[in-house]
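Numbering (this note's numbering), first residue to last: 10 to 518.
All C-beta atoms, glycine included, are put in the ideal place defined by N, C-alpha and C.
Quantities reported herein were computed from a predicted structural model and do not represent experimental measurements.
Here the structure comes first, spelled out in C-alpha cells, and everything after it is commentary.
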C-alpha cells in the first residue's frame, strides 16, 4: 500500500518517568493496519515477485549507518523496511523456493506471531496461560507420535538445539546425573555415539558442545537408499565395547537433508534395546510425515524412540522459529536440566506457582511464545489439511522424478524417498568430457536459476558429484514451478554447454 500517515507515535512522558507507549494511539493503530495489510498483500501476491534477488550494493551499504540516537517516525521505518528489506528476503515463502528444507509459513501463523509479540510472554516458567498452551501441544505431540503420558516436550529454536538437548540427556543417563557437577572426565568412561554418514552436521556439533567430542561420533555408511547400515552399526558398537568404550547414543534420521532417506527406525529401536543405548531420532522435517496416512507407515518405530527432535517451521508451515523436542521419560529429561536458584523459587500460589516450568527441561530461562503460532496453525488448519500438504509435496517430488526420467539431458542422482530430488544436467556431450566441467556447468545452472528469480533450488554433493537439489516443502508450490525448474535447467544447461563447446573449439584452433 502506498498511502502512509505522518502521525507522531513516539514515546511520551508518563507520570513519574518515561514510557515508550505512543502519544497518539489512534495514529499508531492506523499505521499498524497499514503494516499488516502490506504483509498480507505480500503473501497474497507472492507469485508476482521474484523468489530471490541479489542485494544491490547501495542498499547493503545503507545498513552500515550509524546507531540512531534520535527517534524516527514509525511510518518512515516501515517505508524503509518495505523498500530495502522485504524485496531482498531469503524467498522461502515463494512457491518457487526449493533451495533448502524451509517451510513457507502461513498468514495465520503471521497473525499469531503478532498476538504473541503483544503478550510479550516469557515461557521460562511461572503460572500463566501461555505455559498451558505449550503443554497442550506437548500432549498433542504425545498423541501423534505414540509417546506415553510420562513424556515431556519442549519448544526450542530448531532441531539443532533439540538434538543437542537430547545428546545431553543421553550423556547424563549414561554417566549418572552427578556428571552435571563432576564433569565427564570424572566418570572415567569414554562415550561413543552412532549415526549414519548422511546425518545432519548438527549431530556432530552436539557431540562437540556437550563436551563429549566430535571424534566420539561414529558415522556409519549407508545403503543404496541412504539408510544407515544396520549390520555395520551393531558390529561397530560391539567393536567399541571390546575396545573399552561406552556406547551411549544412536541417532536415527527420519528424512536426511541431502536425499530425504528414512533410516529403518524399528530395527534401530531393536538394536538400541538390545545394546541398552539411548535411541534418538532426528526428524527435523520427516517426523511430521506422521500426519499423512500414506507416509506414516514409513516411520514405523518412531514411537519407540527415547527422544525425538523435529521442526514445526518446516513441513508444519509454522513461521520461524518453532523447533520441538519430545522425550519419552520426562523424569530423566528434567533431571538433566533442572537447577535450583533463589530467584526461581516455586510457590503453592501466586505467579510463582505451577510446576514443572519449561526452564527445568532445557538451557533457556528466557523463552518466547513459540507455542502460540503452532497452536493457531494446528487449530485453524487441523492435522488432516497439514497432512495433505505434506503428502502433496511428496507427490510433486515424484512428478519431478517422472519429468527427469522423460528427459535424456537430466539424470536422477538419488532415489526419491520423500520430497527431495537430486539431479544434474548431463547431456550426451558430457560423456566425452571430464566430470569437473560437468560439475562446473551444474554449479552455474544453480546460480543462474537462483538469480533468475523464478525458481531457486540448492545443491549438494552425492558420490563425489555436484548435484542440483530441489527440496519441495512450501505448501504453495505447484506443478507449474516444477515445469519451470525442468525447462530452465534444460535451457541453461544447453546454453552453458554450447558456450563450453565454443570455447573449447577456440582453444583447439
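DSSP places residue 40 in the helix class (H, G or I) of the three-state scheme. Assignment of residue 365 by DSSP, reduced to helix, strand and coil, places it in the coil class.
Around residue 235, the same chain offers 207, 265, 268, 270 as residues with beta carbons nearer than 6 Å, after the five sequence neighbours per side are excluded. With a threshold of 16 other beta carbon atoms within 10 Å, residue 352 falls short and is exposed. According to the DSSP assignment, residue 419 belongs to the beta strand (DSSP E) that extends over 419-421. Bounds of any alpha helix (DSSP H) do not take in residue 464, whose DSSP letter is neither H nor E. When DSSP states are grouped into helix, strand and coil, residue 268 belongs to the coil group.
By the C-beta criterion, the stretch 489-500 is judged not to be in contact with the stretch 108-127, since fewer than 3 inter-stretch pairs fall below 8 Å. Counting along the chain, the unbroken alpha helix (DSSP H) around residue 245 starts and ends at 239-251. Restricting attention to 413, 378, 436, 473, the CA atom closest to the CA of residue 479 is found in 413. Taking 3 residues as the minimum length, the beta strand (DSSP E) runs contained wholly in the stretch 153-222 are 161-165, 200-205, in order along the chain. Excluding sequence positions up to five before and after residue 278, its CB lies within less than 6 Å of the CB of 288, 310, 313, all in the same chain and listed in chain order. C-alpha of residue 108 to C-alpha of residue 57: approximately 19 Å in a straight line. At the C-beta level, residue 370 and residue 346 come within 8 Å of one another. Put simply, the backbone Cα of residue 416 is about 16 Å away from that of residue 425. DSSP, reduced to helix, strand and coil, places residue 71 within a helical segment of the structure shown. 252 is the residue among 451, 252, 78, 387 whose C-alpha sits nearest the C-alpha of residue 198. Between residue 91 and residue 430, the alpha-carbon positions lie close to 34 Å from each other.
Excluding five sequence positions before and after residue 228, the CB atoms of its chain that fall closer than 6 Å to its own CB belong to 206, given in chain order. Nearest to residue 232 by C-alpha distance, out of 273, 285, 350, 363, is 273.
Cα atoms of residue 202 and residue 172: separation of roughly 13 Å, rounded to the nearest angstrom. Only buried fits residue 373, as 16 or more other CB atoms lie within 10 angstroms of its CB.
In the three-state scheme derived from DSSP, where H, G and I count as helix and E and B as strand, residue 359 is classed as coil. Here residue 294 carries a coil assignment [DSSP, helix/strand/coil]. Residue 216 and residue 225 have their C-alpha atoms spaced approximately 7 Å apart. Residue 355 places its beta carbon 8 Å or farther from that of residue 131. Per DSSP, the unbroken beta strand (DSSP E) holding residue 336 starts and ends at 332-336.
In the three-state scheme derived from DSSP, where H, G and I count as helix and E and B as strand, residue 85 is classed as helix. In this chain, residue 284 is not harboured by any beta strand (DSSP E); it is covered by the alpha helix (DSSP H) spanning 274-284. If you check the CB distance, residue 177 and residue 223 do not come in under 8 Å. For the pair residue 326 and residue 61, the CB atoms are not nearer than the 8 Å cut-off. Residue 316 and residue 337 have their C-alpha atoms some 6 Å from each other. Put simply, the stretch 63-76 touches the stretch 91-101. At least three CB pairs are less than 8 Å apart. Straight-line measurement puts the Cα of residue 422 at about 23 Å from the Cα of residue 298.
Residue 151 has its alpha-carbon roughly 6 Å from the corresponding atom of residue 157.
Remark: three or more beta-carbon pairs, one from each stretch, lie closer than 8 Å, so the stretch 467-475 and the stretch 449-459 are flagged as touching.
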